[in-house]
Amino acid sequence: MSATIIPETSGGISTASAMRRNFWRGVWRVMRRKPSRLAGAVILAGFVFMAVFGPMFYPDNLPGDANAITRPPSWEHWFGTDPQGRDVLALVITGSRYVLLSAAVTALITVVFGTGLGLFSGFKRGRWDTVLMRVTDMKLTIPGLPLLLVLATVWKFGNPLQMGLVLGLLGWGGVARAVRAQTLSLRERGFIEAARGLGLSTGHIIGKELLPSMAPYIAMNMLIAVTGAVYAQVGLFFLGVLPYESNNWGVMLNLAVFQAGAMITPYAIGYLLAPLLAILLLTLGIVLVVDAMDEIFNPRLREE
Amino acid sequence: MITGTGITKTFKQRGGVLAGREVRALRGVDFSIAKGGAASFIGESGCGKTTLGRIIAGLESYDGGEIAIDGTPMTPLKPKQRQPHFRKIQMIHQDPYSALNPTRTIHQTLQAPLALRARQTGRSKQWMEERAAEVLSLVGLDPGTVLSRYPHQLSGGMRQRVVIARALTVDPEMLVADEAVSMIDVSLRLGILALLKDLRERLGVAVLFITHDVATARYIGDDGELFVIYRGQVVERGSVDTVIADPVHPYTQSLLSAIPVLHGLEEPGEQPVVPLESLDESQADTGCLFARRCPFRGERCESELPLLQVTGGVPQEHACFHPQRRSVIARPLSGV
Amino acid sequence: MAQPETAPPRPAPEPVTAPATPAPGVRIDGLTVVYKTPAGELPAVRDISLTLEPGTITGIVGESGSGKSTLALSLLNAVQPPGRISAGSVEIDGLGDVVGLAGERLRKARGAHIGYVFQAAQNSLNPLKTVGKQLLDLGRSHGVDDLRGLVREAKLLLGRMGLDGARVLDSHQHELSGGMRQRVGIMLALVLNAHLVVLDEPTTALDMITQANILKIVREVHAERGLTTLVITHDIGVVAEVADRLAVMYGGRLVEQGPTREVLRAPRHPYTRGLIQAIPRLVGDIDEARALPGRPPTLATVPKQGCVFRERCALRMDICETDDPAALADGPRIVACHAVGVKERA
């Protein structure tokens, strides 16, 4: 039995790097399987590019053309101009940074908080679980919108990070509950029990065994949290309950309807449609990419 | 290596119409399994055999009684202190499909416990790689082809071998195999059974086999001990050969009578025992637990619980007021 | 049990007890079923010919991937895409060739002529409806006028199988044990008076004692109602208990068939022999039991030409690599193996 031939191929480091390479090759394979997924990825990449580099192409204060106020779309201004004569497309692009940055922060907080709490709660069970889930329930019962309205009276939300933080702290409850439910079902699986029986540390079990199995789930939740956050903040600005501290899509919608009168005059139609279209495209991109998550993180589905 | 005395376990039903109802999974079970020995727990599903196996592997708590591993009682110890003792006992699950993490390669699966082992004993990464290859060879797999695979790329039989290899990484003294072949293709089952038998012979690992199929239990080790469990009570206990050839408890006899007869090769036993009704957990607990289903029950069986003991001039322990040998198992036809 | 699709009640219901004579015979001839995969169309069942004599129980034994379940589904012409029957015929007395049936006629045939009991009836019952409601749905979708009569018949059948009919009809799936569900499955397959019954893994996941009970019921009900029965299983023991005739499948091919006792006593195909040898027994020398080397092929790994079993075969010859052995009949026994052919000719 001890006369075992050790094969050459099982070197530790080379295996790990080879595996990483295989993973990305698998991701590419999964994305290529449906054109819609590639389209979704392209859309998302486009938005990220727009948010990161877009504002660099424009001056801090967009110039307004007093002779072209609230114009319908034209060759010069693809989506028309706003009541100050500024180009709507430029407004959408410069406004994307606020929207996407705060949405990213929200998603990050939601997922980190929700996943962490859900995992801990579902894995430890017992007293900790009860306490944490009561807290989560209480949190879920706090109505988000009124709280935000109250917060808006003391806070200006001029900084996208602030906005993201608040929305994130309001949003993790659902993810925590869902992750806990997943954990409870996964922990009964043979491989988790085997890991416990082998004496592997809780850190290993949670980080290396549980988390990867839940990766598609978490990734999906994260992407969906982004959409939720975009809707929430755009909604808040649209309602006009937050001050117009910054340039973003919600403010644009608000001004289009209440100032430029997009409901009455066809001239402001571009002003109204441009941010709506941006939100729609972003959501579409996310929905198209979410479809691939299951296959990306499951080695069986990743293969051909 | 492990002994249990008077182990009890009660489950409380949660939720649903039966909420709060208690199910007595184990009603005071005694057992002991020697170093390198073999034992089998036999019974219908829901009889408590799996619960007992899980308690032995340290995966489940018990309400009463005492378990001692190599002479050390477990009850006074804190969960953290029990861990090193229970690590000597590794469970082989029934379902090789859920027992391996689908997102991890076999290499990763084996490295995790080996890393732990290496840290404890101060060994190198090189040793971990060698040992991974070694345990795979022990279970009859080719390390070169298996290590880089994901579980879904292996057949059920190969997965179960990987599960056994993973258990071997921590140098266990006992393997608890819970219906370890029931989800594997028939032509491959015997290979897994032979492997367990072989590991027992070569490495001196004790094997506890949990099954409803007596014939597979016999294959693991005919020198082993058989525990027939019914509704949380051991109703018959003796060496495998004695209990199979001369069962005295009507429940053991029903189990053996129920094994399909290979007509053409075998003829049915002369006095098969067929239970009157099917298992109903809600039956009353007064008297013998098997009384309601027993074709031979007497008045005493209705009111008094028979305890496990040696009486009636038979070598094995049994819990029956009317122990009687019956020829229930199929006999091979002569001239075949 | 085929889940009843919700079809509108027919204005002029056809008679439930079709003019079919009791205990129909079935003749499967040259049946091939292929599955569409990225690697092209692969045969799950290849060129199978099998006759079910009226009034007999036939057992098909095979491991996972042997094509036994696909074969059973072909009897109902119920192979789901990406699979399709690409060649051959399935003639059932009173129905004709089911491969040609489609639409409404096929739906009526399932249930009324052919009863199908799914694997241990675990997931074939609707968890949200009581058994009784599902029974009524089944009756309505088959245009049964006399629903009271149907319920009476169901209770009778359940009573025959040792259950309290009224109580079971009032129960949901989760209130029934595995053995009870299996009996409900058998009841639903028989209640429309089908005389051809297919049982797919009737005892998998059941305990020994429950298994013995179910097998006894299958045998008795088969005799009492004059059925033609097909049992699909991976367990030779199950077939040995109930079947008159045994057919062994491997890699989509029927490698051996014959009267159960004869095949068990003197198996001819090396695979059948290996399977029987791999069963741990209660008496005799333990070391006589021997595992088959290798592992069963999957759809993708089945050899494209030559004998499907050769990789694991001890009697392998050169010809096995290239030629698929033909199924040769010797009295009631049929074997598809080059090595067996040689022995007989010699």
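Protein chains in written order, with my numbering: chain A, 101 to 404; chain B, 1316 to 1651; chain C, 108 to 453. Glycine is no exception: its CB is placed at the ideal position from the N, C-alpha and C atoms.
Do residue j and residue i count as a contact pair if the criterion is CB distance below 8 Å?
i, j, result
"Val133/C", "Leu303/C", "yes"
"Ala1383/B", "Val1522/B", "no"
"Thr74/C", "Asp314/C", "Any answer about residue 74/C is impossible in this case: the structure gives chain C only from 108 up to 453."
"Val355/C", "Thr317/C", "no"
"Ala1645/B", "Val1576/B", "yes"
"Val1491/B", "Ile1407/B", "yes"
"Arg287/A", "Phe223/A", "yes"
"Val442/C", "Glu363/C", "yes"
"Ile1525/B", "Leu1508/B", "no"
"Ile386/A", "Val326/A", "yes"
"Ile155/C", "Leu361/C", "yes"
"Gly222/C", "Pro404/C", "no"
"Ile1580/B", "Leu1505/B", "In the sequence as presented, Ile is not what sits at residue 1580/B; that position holds Leu. No; because the gap between Cβ atoms is not below 8 Å, this pair is not in contact."
"Gly214/A", "Val130/A", "no"
"Pro377/C", "Cys427/C", "no"
"Thr1320/B", "Gly1380/B", "yes"
"Ala179/C", "Val305/C", "yes"
"Ser1572/B", "Val1549/B", "no"
"Val188/A", "Gly370/A", "yes"
"Gly264/A", "Ser196/A", "no"
"Ile1317/B", "Ile1348/B", "yes"
Helix, strand or coil for residue i, going by three-state DSSP, please let me know.
i, result
"Phe1356/B", "strand"
"Thr1531/B", "helix"
"Gly1361/B", "coil"
"Met101/A", "In this prediction, Met101/A has a pLDDT of 35, which is less than 50 and means its spatial position is unreliable; what the coordinates show is noted afterwards. Coil."
"Pro366/C", "strand"
"Lys1327/B", "strand"
"Thr237/C", "coil"
"Arg440/C", "strand"
"Arg1646/B", "strand"
"Tyr357/C", "strand"
"Lys134/A", "coil"
"Ser1569/B", "helix"
"Val390/C", "coil"
"Gly352/C", "A small correction: the amino acid at residue 352/C is Arg; Gly does not occupy that position in the sequence shown. Looking at Arg352/C - three-state DSSP - the assignment turns out to be strand."
May I ask you to list the residues that DSSP assigns as paired with residue i?
i, result
"Thr1318/B", "Ser1347/B and Ala1383/B"
"Thr210/A", "In DSSP, Thr210/A forms no bridge with anything."
"Gln1586/B", "Paired residue(s): none; Gln1586/B is not in a bridge."
"Phe337/A", "None, per the DSSP bridge assignment."
"Lys1512/B", "The partner list for Lys1512/B (beta bridge, DSSP) is empty, contrary to what the question assumes."
"Leu303/C", "Ile221/C and Thr335/C"
"Ala276/A", "Bridge partners of Ala276/A: none, in fact."
"Gly203/C", "Ile199/C"
"Ser1554/B", "Glu1540/B"
"Glu1581/B", "His1578/B and Pro1647/B"
"Met1489/B", "Ile1404/B and Ala1521/B"
"Arg134/C", "Thr158/C and Glu198/C"
"Asp1561/B", "Answer is none; Asp1561/B lacks a bridge partner."
"His1633/B", "Glu1551/B and Gln1624/B"
"Glu148/C", "Lys143/C"
"Ile321/C", "Ile321/C pairs with nothing; no bridge assigned."
Give a single yes or no on whether residue i has its beta carbon closer than 7 Å to a heavy atom of the ligand FMN.
i, result
"Ala1340/B", "The ligand FMN is absent from the structure shown, which contains no ligand whatsoever."
Cβ contact check for the region 1622 to 1633 of chain B and the region 1547 to 1558 of chain B: 3 or more pairs under 8 Å:
The region 1622 to 1633 of chain B, when compared against the region 1547 to 1558 of chain B, does touch it at the 8 Å Cβ threshold.
Three or more C-beta pairs closer than 8 Å, one from the region 166 to 175 of chain A and one from the region 198 to 215 of chain A: is that the case here?
Counting C-beta pairs with one atom in each stretch, the region 166 to 175 of chain A and the region 198 to 215 of chain A have fewer than three that are closer than 8 Å, which means they do not touch.
Check whether the region 374 to 381 of chain A touches the region 389 to 396 of chain A, counting contact only when three or more Cβ pairs, one atom from each stretch, lie closer than 8 Å.
No, the region 374 to 381 of chain A does not touch the region 389 to 396 of chain A.
Would you mind listing the alpha helix (DSSP H) stretches within the region 1397 to 1459 of chain B that are 4+ residues and don't spill past its ends, in chain order?
Counting only runs of at least 4 residues, the region 1397 to 1459 of chain B fully encloses the following alpha helix (DSSP H) elements, listed from N- to C-terminal order: 1421 to 1436 and 1440 to 1453.
Is it true that the region 129 to 144 of chain C meets the region 188 to 201 of chain C, where meeting means three or more beta-carbon pairs spaced less than 8 Å apart?
They touch, by the three-pair rule.
Counting beta carbon pairs with one atom in the region 338 to 352 of chain C and one in the region 163 to 179 of chain C, are three or more of them shorter than 8 Å?
Pairwise C-beta distances place the region 163 to 179 of chain C in contact with the region 338 to 352 of chain C, as three or more of them are shorter than 8 Å.
Would you say the region 274 to 281 of chain A touches the region 215 to 230 of chain A, given that touching needs at least three Cβ pairs under 8 Å?
Yes, the region 274 to 281 of chain A touches the region 215 to 230 of chain A.
Below 8 Å, can you find three or more Cβ-Cβ pairs linking the region 285 to 302 of chain A to the region 1405 to 1425 of chain B?
Under the Cβ criterion (8 Å, minimum of three pairs), the region 285 to 302 of chain A counts as touching the region 1405 to 1425 of chain B.
Pairing CB atoms from the region 1388 to 1398 of chain B with CB atoms from the region 1456 to 1464 of chain B, are three or more of them under 8 Å?
No: fewer than three Cβ pairs fall under 8 Å.
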